[in-house]
Amino acid sequence: MTHDTNCIFCKIINGEIPSAKVYEDEAVYAFLDISQVTKGHTLIVPKTHVKNIYETKEEVASTLFARVPKVARAIEKAFNPAGMNVLSNTGEFAGQSVFHLHIHLIPRYDESDGYNAKWVTHNDDYTNEERQAIAEAISVNI
Ligand code: AMP
Ligand code: ZN
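If you're matching positions, the sequence shown starts at 56 in the numbering used here and goes up one per residue.
What follows is the structure, given as structure tokens:
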């Protein structure tokens, strides 16, 4: 497993920093976010140190995401939330503060539960041609 000696999540995985562990196996570690947005807010991370989604190889991603549903279901079973937001902030501008890939599982209880990520859609701003051009600009890079 690659790990970064200065990384707080690598230290949590290695037991150098305490955490409220939810789940662990050979590939992933899941623990409560120290700043609970809502009750049961959990982070799931690969044991391999990767900075964020951009730097993640398919094998690491598939192993990590394969574990997400069972941790999500366990939170659902424990607290019966009304819903759940599953997300990964990528890059400082998008709110990433720890640079070891992590998936946030944020159970949702009601409108005033502390989670807030309302977005404004711009559906009318693009013609079909523009949509095709945007899709193409992405797709040529895959
Ligand atoms: P992000 O801001 O998306 O990079 O998420 C990083 C998350 O890690 C934040 O929500 C922090 O509250 C959380 N965090 C930082 N340090 C710890 C820690 N020692 N134990 C648990 N969670 C932590
Ligand atoms: Zn790390």
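Where is the CB? At the ideal position from N, CA and C, for every residue including glycine.
From a predicted model like this one, the values you see are computed outputs, not experimental measurements.
_Identified DSSP bridge partners for K76_ = Answer is F86, bridged to K76.
_Whole-Å CB distance - G146 paired with N196, under 8 Å assumed_ = Actually they are not in contact, since the Cβ atoms of G146 and N196 sit about 17 Å apart, beyond 8 Å.
*Specify the secondary structure class of P136 as computed by DSSP and reduced to three states.*
coil
*Could you tell me whether the region 160 to 178 touches the region 110 to 119, using the rule of 3 or more Cβ pairs below 8 Å?*
no
*Let me know the beta strand (DSSP E) ranges lying completely inside the region 105 to 150, each 3 residues or longer, listed in chain order.*
Taking 3 residues as the minimum length, the beta strand (DSSP E) runs contained wholly in the region 105 to 150 are 138 to 142, in order along the chain.
*asked:* If contacts are defined as beta-carbon pairs under 8 Å, then L98 and I158 qualify, I think. What distance do you get, rounded to the angstrom?
replied: 7 Å
*Identify, in the order they occur along the chain, each residue of the same chain with its Cβ nearer than 8 Å to the Cβ of D88, setting aside the five sequence neighbours on each side.*
H96, T97, L98 and H159
*Keeping to the same chain, check which residues put their C-beta closer than 6 Å to that of T57; ignore five residues upstream and five downstream.*
T103 and H104
*Y170 burial status per 10 Å Cβ neighbour count (16 or more: buried)*: buried
*Applying the criterion that 16 or more other CB atoms from any shown protein chain within 10 Å of the CB defines a buried residue, is I68 buried or exposed?*
buried
*When we look at the beta-carbon of A85 and count the other beta-carbons within 10 Å, is it buried (16 or more) or exposed?*
buried
_Beta-carbon spacing of F148, V100 below 8 Å_ = Their beta carbons are not under 8 Å apart, which means F148 does not touch V100 by this criterion.
*Indicate the three-state DSSP secondary structure (helix, strand or coil) for I68 in the structure shown.*
Here I68 sits in helix by DSSP.
*Of all the options E184, T182, N183 and L142, which has the alpha carbon lying nearest to the alpha carbon of A29?*
Shown here, the chain extends from 56 to 197; a query on residue 29 therefore has no answer.
_C-alpha distance - K112 paired with E185, whole-angstrom precision_ = 31 Å
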